[in-house]
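So the sequences go chain by chain: A and B. Reminder that position 110 of the first sequence reads as 110 in my numbering, one-by-one numbering, no gaps. Reminder that position 109 of the second sequence reads as 1109 in my numbering, one-by-one numbering, no gaps. Here's the structure, in structure tokens; my notes come after.
Protein chains: 2
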Amino acid sequence: MAGRPREFDRDEALRRAQAAFWERGYEGTSMSDLVAALGLASSRIYAAFGSKEALFREAVELYEREEGGFADRALAEESTAREALRRTLREAATVYTRPGKPLGCMVVSAATNCSAANDAVLRWLEQHRVKRTKSIIGLVKTAVAQRELRPDTDAQALGDTFATVLHGLSVQARDGVPRKRLLALVDTTMSLFDGQRA
Amino acid sequence: MAGRPREFDRDEALRRAQAAFWERGYEGTSMSDLVAALGLASSRIYAAFGSKEALFREAVELYEREEGGFADRALAEESTAREALRRTLREAATVYTRPGKPLGCMVVSAATNCSAANDAVLRWLEQHRVKRTKSIIGLVKTAVAQRELRPDTDAQALGDTFATVLHGLSVQARDGVPRKRLLALVDTTMSLFDGQRA
DNA sequence: CTAATTCTTGGTCGATCGACACAGAATGGA
DNA sequence: TCCATTCTGTGTCGATCGACCAAGAATTAG
């Protein structure tokens, strides 16, 4: 079965690739950038990951699992919609401004402007974001159904607002707004929820 | 002074370039894309606009003057901070979802992921956004000073929130959230302002 | 008319893009 | 041992990138 064992750490290489893609985006990171960042010849990268696009997808999946999974985790671990929402936004603000890591959200910023050739990558990340928006709206709808929020609440509008703030946080973080201000803005946003509490 | 007159409409060409850059971003739009979109040989484009980057900057300046200038106009024409803010967000939602035009905000999405070679373009758009954020915070501060908002209002946090929603709107619009939902979300957001009214 | 100016056409520049071919080295299973 | 398999290192592929040059056509100022 197994031939010659790989001499480099595939996981470490994936992490380096993730950092590069997170910082510069899919098209903004060239193969020679990756060669430099991973310290590997391009043929070794192709052998280990298949293609630049496959490597990117793996990097995003790792991101979703570790960094970007805060929304799913908050949803699973917090008992009230308010705490789930608050934690989601606060963790977003934190993850988007981690020292030593690229600013902002990889899913929001890694494939915004793409040539037509890479539409597939763009649409793929778009689907991730749409899914996040839907799950936030779903959370608010549940909160209404469970009487955490007043029955006259427009769940879609409120959920859309939180999703918009979540994605806007990525832009603001990239623009250099410090974590402290991001967290303060999250607190301000939460009062939208409190205004509709049952 | 004047030699042979130009055979094509420079303004029309600029508009076509704007549409291309708006849709695909700076790096996502290649010179051959521009050649196809403007119907002009590349040398004619260079003769008329100087360089790809200069053309892009002109296109963004046109955008700021016509489409993106809603914030400045709202600020100048509306008498209360509330109406200026509300109009800014509503016009953003409208401009970002104009039929026949690219979705989202050109300043937000045209240079998010860029190779290191074009950092200058990326930073330039970043400055535009930072300036917008600052002017929104300034607007809220003025509203506090003029007793339109309660004196205990955290103007920076509230302003940051509106700026975050404004930029988040661009992401949501690109993801296909229809204008109607965007406008509903703007209404929801405005209740943040009303909660702090004097 | 002439000279200066500016645009147009067609072609091409070096660099870089992502992707892989090939040969040889290193391993495990039969 | 030997062979199938997999990895490593070098080299290069055609395509495309942004940029620009030279030559000629068209126009205007003088």
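Just so you know, even glycine gets a beta-carbon here, dropped at the ideal spot from N, CA and C. Predicted model, so just to flag it, every value in this text is computed and none were measured.
Unbroken alpha helix (DSSP H) run spanning residue i, endpoints
| i | result |
| --- | --- |
| K141 of chain A | D119 to A145 |
| S1042 of chain B | S1042 to F1049 |
| Y1063 of chain B | K1052 to E1066 |
| L103 of chain A | Taken as a continuous stretch (DSSP letters only), L103 of chain A belongs to no alpha helix (DSSP H), as it is neither H nor E. |
| D160 of chain A | A155 to R174 |
| A13 of chain A | R10 to R24 |
| V177 of chain A | Run containing V177 of chain A: none; DSSP gives neither H nor E here. |
| T88 of chain A | A81 to V95 |
| A1071 of chain B | F1070 to E1077 |
For residue i, three-class secondary structure by DSSP
| i | result |
| --- | --- |
| L149 of chain A | strand |
| R1197 of chain B | strand |
| E1027 of chain B | coil |
| E7 of chain A | coil |
| S1115 of chain B | coil |
| A1110 of chain B | coil |
| A1184 of chain B | helix |
| A37 of chain A | helix |
Sequence-distant residues of its chain with Cβ nearer than 7 Å to residue i (five each side left out)
| i | result |
| --- | --- |
| L85 of chain A | L139, F162 and F193 |
| A1173 of chain B | Y1096, T1097, L1103, G1104 and L1182 |
| L14 of chain A | E58, A59 and L62 |
| R199 of chain A | For residue 199 of chain A there is no data in the structure shown, the boundaries of chain A being 1 and 198. |
| E78 of chain A | A84 and R87 |
Other residues of its chain near residue i: CB distance less than 6 Å, five sequence neighbours each side excluded
| i | result |
| --- | --- |
| V95 of chain A | E67 |
| L1158 of chain B | V1140 |
| F21 of chain A | T29, F56, A59 and A110 |
| V1108 of chain B | H1167 and S1170 |
| L1122 of chain B | A1111 and C1114 |
| M1106 of chain B | W1022 and Y1063 |
| V35 of chain A | S42 |
| R16 of chain A | A37 and L38 |
Same chain, Cβ closer than 8 Å to residue i, five either side skipped, listed in chain order
| i | result |
| --- | --- |
| L1089 of chain B | F1162, V1165, L1166, L1169, V1186, T1189 and M1190 |
| V144 of chain A | R150, P151, T153 and A155 |
| D33 of chain A | A20 and R24 |
| F70 of chain A | R87, T88, E91, A92 and V95 |
| R1006 of chain B | A1048 |
| R1044 of chain B | F1008 |
Classification of residue i by the beta-carbon crowding that lies within 10 angstroms, buried from 16 upward
| i | result |
| --- | --- |
| P1102 of chain B | buried |
| G104 of chain A | buried |
| A1081 of chain B | buried |
| F1008 of chain B | exposed |
| Q146 of chain A | exposed |
| R1197 of chain B | exposed |
| Q1018 of chain B | buried |
| A93 of chain A | buried |
| M31 of chain A | exposed |
| K131 of chain A | exposed |
| A1041 of chain B | exposed |
| T1074 of chain B | It is Ala, not Thr, that sits at residue 1074 of chain B in the sequence shown. When all chains shown are included, A1074 of chain B counts as buried. |
| R129 of chain A | buried |
| K180 of chain A | exposed |
| K1052 of chain B | buried |
Proximity test, residue i beta-carbon vs the ligand PLP heavy atom, cut-off 7 Å
| i | result |
| --- | --- |
| V108 of chain A | With respect to the ligand PLP, the structure shown offers nothing to examine, as it has no ligands at all. |
Quick check: the region 1026-1038 of chain B against the region 110-122 of chain A, are there 3 or more CB pairs under 8 Å?
yes
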